[in-house]
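Residue numbers (this note's numbering): 4 to 310.
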Amino acid sequence: MTNDDDDDDARAGRETPSHKTTSGRMTTSREDVETNAMAIAASTATFTSLAWTTQRLGMVLRIACGTPFVSGIAASMAIASSAALSGASARVVERARAARKRGKGGTMKWVTDALVGGADARDVARDVFVGGGVFLFLSRGNLSRIFASDVARVGANARKSVAAKGSEYATDAQRRLLGTWLKKHGCHHCGSTRGSVIGDHMPPNKKAFGSGAAAKANRGASFPRRVFNYVRGVPLQRFYPQCEPCSALQSVAVRTGSRTFVAHRVGLKYGVLCGVACGIAALHFDDIRDWIDDNARRARKTFASRK
Ligand SMILES: [Zn+2]
């Protein structure tokens, strides 16, 4: 870290959390460890509670995981703002602790100092990049998993699926496989691992064939008939592991054509990890960058001296 960086930190009211000794080793005081823990706890609590709020708000606004067009855009906006606020809360805690350490002006003064300190655009961009990147990785590219599951669509907790043979029921072997997935990963809509498994057709039979009767009539259809169905636009269906309560909700929703949403903890689980990542990046991004730079420089020097 250069002197200029130290000056920048002093101006921003930031306290460097660790100190380098003359040998270049990092030393960390007990107070630093406490500050780190509190700041990361704040950023984790912020991201997780915003992920929960997003899911609830989505249920009110009728946005679910996989809702065409709107769910991707709304999820990106929600995750970007959760990440920005998550990083900001870590910095507020860090600044509050630094102001308290300086001990001027009493409690009100250090609280206002911490809040007024503000963040620059680089901080916000980094928070969004880190939080968004971690969520994107965990959700395997589907940010809309932050929203509730719509029982007529593939759920937010969907991980594995197996090809279905049209509207046929799952075979015994498929049911056994789906049963192990339910125990391991949970129902694809709500995440519950309890009870016996239902092989859930996705898209649902009524949606795929146009009516329940048509789906029933195509059970046991010959191979040419199935090829004909595919050509006329019946989608290839897959089985996902589903719990009994979600299956009951789904049959009512599909029969009546209503939209039924089911809450889950997927966004909260991802929110915890995103919050931790945003907190660490907010506190230690410069240290991590310096460490990478130092090592790259050392590696270059070693490489050059061997030539
Ligand atoms: Zn369920």
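Heads up, the beta-carbon is just placed ideally off N, CA and C, and yes, glycines get one too. As the structure is a prediction and not an experimental result, all values here were calculated from the model.
By DSSP, does residue i sit in helix, in strand, or in coil?
{"i": "Ser152", "result": "strand"}
{"i": "Asp293", "result": "helix"}
{"i": "Ala15", "result": "With a pLDDT of 43 at Ala15, under the threshold of 50, the predicted position of this residue should be treated as unreliable, and no value is reported."}
{"i": "Ala166", "result": "strand"}
{"i": "Ala280", "result": "helix"}
{"i": "Thr70", "result": "coil"}
{"i": "His192", "result": "coil"}
{"i": "Ala302", "result": "helix"}
{"i": "Asp123", "result": "coil"}
{"i": "Ala285", "result": "helix"}
In the DSSP output, which residue or residues are listed as bridge partners for residue i?
{"i": "Tyr243", "result": "Asp203"}
{"i": "Phe264", "result": "Asp153"}
Pick from the options: whose alpha carbon is nearest that of residue i?
{"i": "Leu88", "options": "Gly106, Ala128, Phe306 and Val234", "result": "Ala128"}
{"i": "Asn39", "options": "Ala280, Asn221, Arg292 and Asn298", "result": "Ala280"}
{"i": "Trp248", "options": "Val154, Asp126, Glu97 and Phe306", "result": "Residue identity differs from the one stated: residue 248 is Pro in this sequence, not Trp. Out of Val154, Asp126, Glu97 and Phe306, Val154 has the C-alpha closest to the C-alpha of Pro248."}
{"i": "Arg268", "options": "Arg301, Thr56 and Ala42", "result": "Thr56"}
{"i": "Gly69", "options": "Arg303, Ala86 and Leu146", "result": "Leu146"}
{"i": "Ser199", "options": "Cys246, Ala86 and Phe50", "result": "Cys246"}
{"i": "Leu180", "options": "Gly169, His192, Ala101 and Val165", "result": "Val165"}
{"i": "Ser254", "options": "Asp289, Arg229, Lys210 and Ser225", "result": "Lys210"}
{"i": "Gly135", "options": "Gly270, Ala151, Phe212 and Pro238", "result": "Gly270"}
{"i": "Asp123", "options": "Arg94, Arg258, Gly194 and Arg105", "result": "Arg94"}
{"i": "Gly260", "options": "Arg197, Ile43, Ala224 and Arg156", "result": "Arg156"}
{"i": "Gln240", "options": "Ala173, Ala151 and Ala44", "result": "Ala173"}
{"i": "Gly75", "options": "Asn208, Gly144, Ser225 and Ala256", "result": "Gly144"}
Would you kindly report the start and end of the unbroken alpha helix (DSSP H) that includes residue i?
{"i": "Glu37", "result": "Arg33 to Leu64"}
{"i": "Asn208", "result": "Asn208 to Phe212"}
{"i": "His188", "result": "Asp175 to His188"}
{"i": "Ala216", "result": "Gly215 to Ala220"}
{"i": "Pro227", "result": "Phe226 to Val234"}
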